[in-house]
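Listed in order, the protein sequences are those of chains A and B. Using this note's numbering, the first residue of the first sequence is number 0, and each one after it goes up by one. Using this note's numbering, the first residue of the second sequence is number 5, and each one after it goes up by one. Backbone N, C-alpha and C fix where the C-beta goes; we use that ideal spot for every residue, glycine too. This one's a predicted model, so the numbers in the text were calculated from it and none came from an experiment. What follows is one structure encoded as structure tokens, with my remarks underneath.
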Amino acid sequence: MKRMNLVAFVSGVLFALGLGLSGMTQPSKVIAFLDVFGAWDPSLAFVMVGAIAVHMGFARSAARPAARPLLAERFLLPTSTRIDAKLVTGAALFGLGWGAAGFCPGPAIVSLVSLSWTTVLFVAAMLAGMLLHTATMARPRARLPAAPSGAPRSASPLTIPRTAAPQGDNQ
Amino acid sequence: MTMQDLGLALAGGALVGLSASLMLMLNGRVAGISGIVGGLLQPQVGEVSWRAWFLAGLLAGGAVLFGTRPESFATAAVPSAVIVVAGLFVGFGTRLGSGCTSGHGVCGISRLSRRSIAATLTFMLSGVVAAYVVQHVLLARGPS
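Shown next as structure tokens:
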């Protein structure tokens with residue numbers, strides 16, 4: 000577990016440096032990328048190109064049946080393949096917020112260190128939005144009356160410890 | 005857009021791809037930011053500490069950037085009311101849609117997931133709509 004935490008920390012640092020270097024932490028640049036009817040700046044499209052170019056080979060190899068990660072028992076990957084209303088509505092709402100403010104979740108969190116009022120306000124609203132989703136759309140087990148109050152949800156008998164429920168999510 | 009912008013975007017993107025690859029090949033987890041944050045808000049046994057360490061890494065990386073390249077955090081002049089609504093949409097939308105730019109746009113597309121391709125096309129399109137409405141209708145900024 001300790002080694003997994005170290006990997007997560009190093010990955011977080013690399014992720015932040017990548018976002019910062021690429022320009023993703025500059026809302027003005029993100030808006031210029033999405034505002035195709037203004038002074039369009041297409042450079043941020045290459046962030047995705049660079050990331051996918053590096054990641055795709057690994058992602059494909061992880062999909063092989065016998066593949067196993069080095070430090071964990073198995074890959075926890077999304078299993079759902081259905082394009083449903085939740086996916087499309089959620090993505091559409093996310094895009095509206097992204098294009099309006101110029102922030103998506105990763106860059107917003109990385110930018111917290113600048114302590115700019117706008118960034119702090121955005122992250123607070125984003126967390127509120129996530130909690131609102133949990134409160135209104137949470138899976139049924141989250142509302143089980145059997146769970147002792149105040150106990151973490153994972154203590155629910157329906158949750159398999161350590162492995163987490165298989166999810167259709169890109170967690 | 006200059007050649008330098010393009011090079012930095014590619015290099016920065018490659019770092020993001022490297023980060024996602026480390027998370028996947030070593031920890032077996034998807035480096036999707038909204039999922040990592042959401043998992044902390046809805047904690048499950050064994051799935052909390054690595055998420056917290058990843059977030060700590062994001063902030064540590066941000067601090068390094070802030071110390072060395074403060075221009076990385078140039079802000080945009082967007083009214084606070086728009087910021088709040090946008091934040092709510094991003095938070096709620098990424099949880100409802102099971103991912104954001106990293107989880108769907110990088111990790112999902114790299115796996116050639118149909119869901120992620122659909123999600124990415126959707127948020128790109130609605131992002132273009134929102135940028136247009138805010139910049140040219142709400143703030144009435146002409147094409148510059």
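With DSSP as the reference, label residue 3 of chain B as helix, strand or coil. In the structure as shown, chain B starts at 5 and stops at 148, and residue 3 of chain B therefore has no counterpart that could be examined.
Output, in chain order, the set of chain A residues within a Cβ distance shorter than 8 angstroms of residue 85 of chain B. The premise fails here: residue 85 of chain B is roughly 10 angstroms from chain A at the closest Cβ pair, so nothing lies under 8 angstroms.
Please confirm whether residue 65 of chain A has its beta-carbon closer than 9 angstroms to some beta-carbon of chain B. Contact with chain B is absent for residue 65 of chain A, since none of that chain's Cβ atoms lies less than 9 angstroms from the residue's Cβ.
Checking 9 angstroms against the spacing of the C-beta atoms, do residue 136 of chain A and residue 45 of chain B come in under that value? If you check the CB distance, residue 136 of chain A and residue 45 of chain B do not come in under 9 angstroms.
For residue 83 of chain A and residue 38 of chain A, what's the separation of their Cα atoms in angstroms? Their backbone Cα atoms lie some 34 angstroms apart in a straight line.
Output yes if chain A places a C-beta closer than 9 angstroms to the C-beta of residue 144 of chain B; else output no. False, the Cβ-Cβ gap to chain A never drops below 9 angstroms.
Whole angstroms are fine: how far does the CA of residue 62 of chain A sit from the CA of residue 124 of chain A? So the alpha carbons of these two residues sit roughly 35 angstroms apart.
From the DSSP output, in three-state form, read off residue 128 of chain B for me. Of the three classes helix, strand and coil, the one that applies to residue 128 of chain B here is helix, per DSSP.
Does any CB atom of chain B fall closer than 9 angstroms to the CB of residue 146 of chain A? Residue placement at residue 146 of chain A is poorly supported in this model, since its pLDDT is 44, which falls under 50; the coordinates still yield a value, given next. No, no contact with chain B.
Of the residues B:35, B:43, B:129, B:63, which one's Cα is nearest the Cα of residue 92 of chain A? Restricting attention to B:35, B:43, B:129, B:63, the CA atom closest to the CA of residue 92 of chain A is found in B:129.
Given 8 angstroms, three or more beta-carbon pairs between the stretch 19–38 of chain B and the stretch 90–108 of chain A: By the Cβ criterion, the stretch 19–38 of chain B is in contact with the stretch 90–108 of chain A, since at least three pairs of Cβ atoms, one from each stretch, lie closer than 8 angstroms.
To which residues of the same chain is residue 65 of chain B closer than 8 angstroms at the C-beta, ignoring the five residues directly before and after it? Apart from sequence neighbours up to five positions away, no residue of its chain approaches residue 65 of chain B with a beta-carbon distance below 8 angstroms.
Identify which residue in A:131, A:9, A:119 has its Cα closest to the Cα of residue 54 of chain B. Closest by C-alpha distance to residue 54 of chain B, out of A:131, A:9, A:119, is A:9.
Given 8 angstroms, three or more beta-carbon pairs between the stretch 106–114 of chain B and the stretch 16–30 of chain B: With the cut-off at 8 angstroms, the stretch 106–114 of chain B and the stretch 16–30 of chain B touch.
Can you list the alpha helix (DSSP H) stretches of 4 or more residues lying completely in the stretch 26–78 of chain A, in chain order? The qualifying runs are 26–33, 44–61.
For a contact meaning CB atoms closer than 7 angstroms, what does residue 141 of chain B contact in chain A? The premise fails here: residue 141 of chain B is roughly 11 angstroms from chain A at the closest Cβ pair, so nothing lies under 7 angstroms.
Output the distance between the C-alpha atoms of residue 31 of chain A and residue 72 of chain A, rounded to the nearest integer angstrom. For residue 31 of chain A and residue 72 of chain A, the distance between alpha carbons rounds to 43 angstroms.
On a Cα-Cα basis, can you pick out the residue from A:81, A:97, A:68, A:26 that is closest to residue 2 of chain A? Between residue 2 of chain A and the set A:81, A:97, A:68, A:26, the nearest pair of CA atoms involves A:68.
Per-residue burial, residue 41 of chain B [other beta carbons within 10 Å of its own, 16 or more giving buried]: Buried, since its Cβ has 16 or more Cβ neighbours within 10 Å.
Between the alpha carbons of residue 57 of chain B and residue 6 of chain A, how many angstroms are there, rounded? In a straight line, the C-alpha of residue 57 of chain B is about 9 angstroms away from that of residue 6 of chain A.
What ranges does the alpha helix (DSSP H) occupy inside the stretch 82–129 of chain B, keeping only unbroken runs of at least 4 residues that lie completely in it? Correct list: 84–100.
Would you kindly report the start and end of the unbroken alpha helix (DSSP H) that includes residue 119 of chain A? Residue 119 of chain A -> alpha helix (DSSP H) spans 116–136.
Hey, quick one: how far does the alpha helix (DSSP H) through residue 11 of chain A stretch, first residue to last? Here the alpha helix (DSSP H) through residue 11 of chain A covers 1–21.
Three or more C-beta pairs closer than 8 angstroms, one from the stretch 69–79 of chain B and one from the stretch 111–127 of chain B: is that the case here? No contact exists between the stretch 69–79 of chain B and the stretch 111–127 of chain B.
Out of B:14, B:142, B:52, which one is the CA nearest neighbour of residue 20 of chain A? Minimum Cα distance to residue 20 of chain A is reached at B:14.
Just to confirm the assignment, what range does the alpha helix (DSSP H) spanning residue 80 of chain B have? Per DSSP, residue 80 of chain B belongs to no alpha helix (DSSP H) and is neither H nor E.
Just verifying my parser: in three-state terms, what is the DSSP assignment at residue 48 of chain B? If DSSP states are grouped into helix, strand and coil, residue 48 of chain B belongs with coil.
Would you call the CB atoms of residue 93 of chain B and residue 95 of chain A closer than 9 angstroms? Taking 9 angstroms as the Cβ cut-off, residue 93 of chain B and residue 95 of chain A qualify as a contacting pair.
Compute the Euclidean distance between the alpha carbons of residue 9 of chain B and residue 117 of chain A, then round it to the nearest angstrom. One alpha carbon belongs to residue 9 of chain B, the other to residue 117 of chain A, and they sit about 24 angstroms apart.
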